[in-house]
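First residue of the sequence shown: 8, per my numbering; consecutive thereafter.
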Amino acid sequence: MRRASAAVALLVVAARLTAAPPERTRDITPADYASVNAIGEIALSPDGKQVAYTLATWDKKSDKRATDLWVVDTDGTGKPRQLTKDRANDRHPKWGADGKAIYVVANRGAKPRTLDAIEALLPPPNGRAVVRPFRVVN
């Protein structure tokens with residue numbers, strides 16, 4: 008009985024793999040690329056209850072992709088919360104040991120090649136993180 012079940016499962020998987028892909032209705036355009044949001048880096052909170060991640064989105068005005076910091080509960084009950092909105096290319100999220108802050112490297116300095124780190128304090132009051140920048144590289 009076990010072998011028969013395994014054989015049926017294998018046939019179902021094989022049938023799905025060999026099925027024809029859906030017919031394309033149009034060609035892919037650069038605008039399609041710009042419409043795709045991409046999760047970059049992720050960091051699990053020390054207690055395992057939240058995940059911080061960077062989300063890259065396309066900005067039509069500046070015609071470039073930039074990343075912001077987001078956080079979501081790992082149990083799937085809460086909605087993702089955007090912590091930063093200044094499109095400073097947040098990256099490398101790391102949680103503080105107590106789980107009350109997330110640190111990222113970002114381009115928030117006045118000089119184009121200056122890197123800053125920010126501390127996003129949680130829980131965010133009024134839905135926005137308290138962001139405290141501090142210089143790490145000049």
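All C-beta atoms, glycine included, are put in the ideal place defined by N, C-alpha and C.
- For Pro100, the uninterrupted beta strand (DSSP E) run begins and ends at 98 to 102, by DSSP.
- In the displayed model, Ala41 falls within a helix according to three-state DSSP.
- Contact annotation, His99 with Glu48: C-beta distance approximately 6 Å; criterion of less than 8 Å satisfied.
- Short of 7 Å from the beta carbon of Ala45, and not among the five residues preceding or following it, lie these beta carbons of its own chain, in chain order: Ala63.
- The three-state reading of DSSP puts Glu30 in coil, since its state is none of H, G, I, E or B.
- By the neighbour-count criterion, in which 16 or more other beta carbons inside 10 Å mark a residue as buried, Ile109 falls on the buried side.
- Under the three-state reduction of DSSP output, Lys71 falls in the strand class.
- Between Leu76 and Thr61, the beta carbon gap of about 6 Å places them in contact (Cβ cut-off 8 Å).
- Boundaries of the beta strand (DSSP E) harbouring Thr64: 57 to 66, taken from the DSSP string.
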